[in-house]
Ligand SMILES: C[S@@+](CC[C@H](N)C(=O)[O-])C[C@H]1O[C@@H](n2cnc3c(N)ncnc32)[C@H](O)[C@@H]1O
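Residue numbers (the numbering used here): 17 to 355.
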């Protein structure tokens, strides 16, 4: 089956189990989409109204357009809590202020886990959290461990899960038995397989690079010691899509080279395909808003495989779940630093 046909069929939301998942900081629903396709009933919370609208338009579950805080009260009865706490404080391009950054969503995530006591939780973040802000990741995981969870983390590259893009992100899972991350695949899907049919047909003149932009990009690449131009190559996976490199014409922008030699910034649909959103998934809001929703998302195809691992955990470990002993608990003082 082609990549596009696979997305369009495999990622249809089909809640078919009794399992309920709560998605905090849900964005447009990339992570939730994978869970719904794996049979979960989802509920999202997202403060950006356009992103919440996109979620509600495409998923079966509701998304509340609400700004979360540590005071937020949730309905009970969620088996799983997932989320992408805001990552600006931890991205390498950001200022790396960690816990002191008011956009930090981890205290909210931790409070939700404390309140709901899910059987499993999972959060996603940028890889920078494993480096300059590792001390904070350690505090977050210690706090969650003190609630009785085993914590495991993996740096997963979406390209190993059928997504035509090199995108490394940190996934942290908390559970009380045995969890198996999905197995990576050897086959890599290429840009050509994902958007080959769109490249020459979409002719949005405003996205064609002007000769002066070409000169600007060439200077930018020379300054950043680029050996090959950072165009998308049809025979390879894409480099990481970010809000910045898809939403605006910067030196680093994601663009394709047309047969006539001109270059063009990628469209919203092309960006969505490279992030593994199916073609039936429609984004709401201005074009910039849509690019941001896509750049922020967990690729749904990767989310689907993670969700299948979560479903297997829930189905297979009912009687196995363990009570961690008091010796695994950490002093509550650590939690105090977080809130
Ligand atoms: C990295 S994105 C999440 C992407 C999502 N997991 C997906 O797969 O599509 C983080 C989202 O958190 C939202 N957000 C940040 N702070 C929030 C808050 N206090 N309450 C609700 N949403 C918030 C942002 O608007 C942004 O859409």
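In this text, a Cβ means the ideal position worked out from N, Cα and C, and glycines have one as well.
- [ ] Give me the Cβ distance between residue 26 and residue 320, rounded to the nearest whole Å; I'm assuming they're in contact under 8 Å.
- [x] Numbered from its first residue, the chain shown carries residue 26 at position 10. Numbered from its first residue, the chain shown carries residue 320 at position 304. 7 Å between Cβ atoms; contact.
Task: Residue of 48, 60, 247 and 69 minimising C-alpha distance to residue 299 - done: As a first step, residue 299 must be located in the chain shown, where it is residue number 283. Out of 48, 60, 247 and 69, 69 has the C-alpha closest to the C-alpha of residue 299.
- [ ] Between the Cα of residue 1 and those of 323, 138, 151 and 289, spot the shortest distance and give me the residue it belongs to.
- [x] Past the edges of the chain, shown from 17 to 355, lies residue 1, and the structure says nothing about it.
Open item on the list: Considering only heavy atoms of ligand 1, does any lie closer than 8 Å to the CB of residue 124?
Closed with: Indexing the chain shown from 1 puts residue 124 at position 108. Residue 124 has its CB nearer than 8 Å to a heavy atom of ligand 1.
Task: Near ligand 1: residue 40 beta-carbon under 8 Å from a heavy atom - done: Position 24 of the chain shown, counted from the start, is the residue given in the question as residue 40. Yes, Cβ of residue 40 sits closer than 8 Å to a heavy atom of ligand 1.
Open item on the list: Using 9 Å as the threshold, is the C-beta distance between residue 95 and residue 31 below it?
Closed with: Within the chain shown, residue 95 is the residue found at index 79, counting from 1. Within the chain shown, residue 31 is the residue found at index 15, counting from 1. The criterion of a C-beta distance shorter than 9 Å is not satisfied by residue 95 and residue 31.
Open item on the list: For a test of the three-state rule: what should DSSP assign to residue 282, helix, strand or coil?
Closed with: The residue you call residue 282 lines up with position 266 of the chain shown. Residue 282: coil per DSSP, three-state reduction.
Task: Inter-stretch contact (C-beta, 8 Å, three-pair minimum) for the segment 155 to 170 and the segment 182 to 190 - done: Touching, yes.
Task: Whether residue 179 touches residue 128 by CB criterion (9 Å) - done: The residue labelled residue 179 in the question sits at position 163 within the chain shown. The residue labelled residue 128 in the question sits at position 112 within the chain shown. Not a contact, by the Cβ cut-off of 9 Å.
TODO: Specify whether the segment 232 to 245 and the segment 262 to 272 touch according to this definition: at least 3 beta carbon pairs, one from each stretch, less than 8 Å apart.
DONE: Yes, the segment 232 to 245 touches the segment 262 to 272.
Task: Where the beta strand (DSSP E) through residue 74 begins and ends - done: Start at 1 with the first residue of the chain shown, and residue 74 comes out as number 58. Here residue 74 belongs to no beta strand (DSSP E); instead the alpha helix (DSSP H) covers 65 to 74.
Task: The beta strand (DSSP E) enclosing residue 189, as first and last residue numbers - done: Walking along the chain shown from the start, residue 189 turns up at place 173. Segment 184 to 191, the beta strand (DSSP E) holding residue 189.
TODO: Just list the alpha helix (DSSP H) runs in the segment 200 to 284, keeping only unbroken ones of 4 residues or longer that don't cross its boundaries, in chain order.
DONE: Fully contained in the segment 200 to 284 are the following alpha helix (DSSP H) runs of length 4 or more, in chain order: 207 to 215, 227 to 239 and 259 to 263.
Open item on the list: Please state whether the Cβ-Cβ distance between residue 42 and residue 55 is less than 9 Å.
Closed with: On the chain shown, residue 42 is found 26 positions in, with the first residue counted as 1. On the chain shown, residue 55 is found 39 positions in, with the first residue counted as 1. In terms of Cβ geometry, residue 42 and residue 55 do not form a close pair [threshold 9 Å].
Task: Pairwise C-alpha distance: residue 28 and residue 76 - done: By 1-based counting over the chain shown, the position of residue 76 is 60. By 1-based counting over the chain shown, the position of residue 28 is 12. Approximately 10 Å between the Cα atoms of the pair.
- [ ] Note down the Cα distance separating residue 203 from residue 287, rounded to an integer number of angstroms.
- [x] For the purposes of this step, residue 203 is taken as residue 187 along the chain shown, with counting starting at 1. For the purposes of this step, residue 287 is taken as residue 271 along the chain shown, with counting starting at 1. Per the coordinates, the alpha-carbon of residue 203 lies some 21 Å from the alpha-carbon of residue 287.
Task: Buried versus exposed, by CB contacts within 10 Å (16 or more), residue 295 - done: Position 279 of the chain shown holds residue 295. Residue 295 is exposed by the Cβ-count criterion.
TODO: Within its chain, find whatever has a CB closer than 6 Å to the CB of residue 323; leave out the 5 residues flanking it on each side and keep chain order.
DONE: Looking up residue 323 in the chain shown gives position 307. Correct list, in chain order: 50, 51 and 54.
Task: Validate contact between the segment 169 to 183 and the segment 309 to 317 using beta carbons, cut 8 Å, 3 pairs - done: Because the criterion of three Cβ pairs below 8 Å is met, the segment 169 to 183 and the segment 309 to 317 touch.
TODO: Could you check how far apart the C-beta atoms of residue 216 and residue 275 are, in whole angstroms? I think they sit under 8 Å.
DONE: Counted from its first residue, the chain shown places residue 216 at position 200. Counted from its first residue, the chain shown places residue 275 at position 259. Indeed they touch by this definition, with Cβ atoms about 6 Å apart.
TODO: Determine the extent of the beta strand (DSSP E) in which residue 96 is found, giving its start and end residues.
DONE: As a first step, residue 96 is located in the chain shown; it is residue number 80 there, counting from the start. That run of the beta strand (DSSP E) goes 96 to 99.
Open item on the list: One question on the structure: do residue 282 and residue 224 come within less than 9 Å of each other, judged by their Cβ atoms?
Closed with: For the purposes of this step, residue 282 is taken as residue 266 along the chain shown, with counting starting at 1. For the purposes of this step, residue 224 is taken as residue 208 along the chain shown, with counting starting at 1. No, the Cβ-Cβ distance between residue 282 and residue 224 is not below 9 Å.
Task: Same chain, Cβ closer than 8 Å to residue 24, neighbours up to 5 away in sequence not counted - done: Along the chain shown, read from residue 1 onward, the residue named residue 24 stands at position 8. Counting only Cβ-Cβ distances below 8 Å, and skipping sequence neighbours, we find 294, 295 and 296.
Task: residue 63 Cβ short of 8 Å to ligand 1 heavy atom set - done: Counting from one through the chain shown, the residue named residue 63 turns up at place 47. Residue 63 has its CB nearer than 8 Å to a heavy atom of ligand 1.
Task: Rounded C-alpha distance that separates residue 164 from residue 207 - done: Counting from 1 along the chain shown, the entry for residue 164 is found at position 148. Counting from 1 along the chain shown, the entry for residue 207 is found at position 191. Their Cα atoms are separated by approximately 43 Å.
Open item on the list: So the candidates are 93, 174 and 253; which of them puts its Cα closest to the Cα of residue 200?
Closed with: Walking along the chain shown from the start, residue 200 turns up at place 184. Selected option, being the one with the closest Cα: 174.
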